[in-house]
Structures are given as structure tokens and as C-alpha cells.
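UniProt numbering numbers the first residue of the sequence shown as 1 and each following residue consecutively.
First the structure, in the form of C-alpha cells, and then the observations on it.
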Amino acid sequence: MGQALLAYMAIVSIVLLIMMGMDKSKAKKHEWRIAERTLFTLAIAGGAVGGVLGMYLFRHKTRHNSFAFGFPLLAAIQIFIIVQIW
């Protein structure tokens, strides 16, 4: 159970990391952006660690309080759950 959950969260984190990079690229080009709701949905669904990495790797959404505090809080909760299950 623990390995499957860890694999799931790793995949969702990678997807969110990629989406954060894509959204930053689109922002620079003034193109249609990925909805913040979509990014938060993926973070809540288990990808918060990837979201935090994406925020700081791409310097994206770091000034938005909901992201700056929400993603790390979700990541901490998700890591805690993984540790408890493992």
C-alpha cells in the first residue's frame, strides 16, 4: 500500500512540476495560462511536493500567498501521511 501511494504521489508531483514550468513559459510569452484551480487540484491530489519544487525551480507563483503557504503546507501534510503509512 505504501509503495503504491508513494508511486502515485511521485507521478502526480512530476506532472505538477511540468505544468508549473509550462505555465511559467506561457506567462513569459503572454499566452493562455493554466488555471490556478488546476494547479491546486493537482497539489491537493498528491502533487504538492512537485508544486513546491516547481515554484522555486521556475520562480513561479512565489508571490501569491495561497501558493507560497498553501503548497508547502500541503506538501508537509502529504509527506507526513507517507511517513505514517510507510
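Each residue gets a CB set at the ideal place from its N, CA and C atoms; glycine is no exception.
Within 10 angstroms of its Cβ, does A7 collect 16 or more other Cβ (buried), or is it exposed? Numbered from 1 along the sequence shown, position 7 holds the residue referred to as residue 7. Counting Cβ neighbours within 10 Å, A7 comes out exposed, since fewer than 16 surround it.
For F67 and I34, I'd like the C-alpha separation in whole angstroms. Taking the first residue of the sequence shown as position 1, residue 67 is located at position 67. Taking the first residue of the sequence shown as position 1, residue 34 is located at position 34. Approximately 14 Å between the Cα atoms of the pair.
Helix, strand or coil: which one does DSSP assign to T41? On the sequence shown, residue 41 is found 41 positions in, with the first residue counted as 1. T41 falls in the helix class under three-state DSSP.
So, K24 versus H60, is the Cβ gap smaller than 8 Å? The residue given as residue 24 occupies position 24 in the sequence shown. The residue given as residue 60 occupies position 60 in the sequence shown. Yes, they are a contact pair.
Among T62, I44, H64, I81, which residue has its Cα nearest to the Cα of S13? The count along the sequence shown starts at 1 and reaches residue 13 at position 13. If we check each option's Cα against that of S13, I44 comes out closest.
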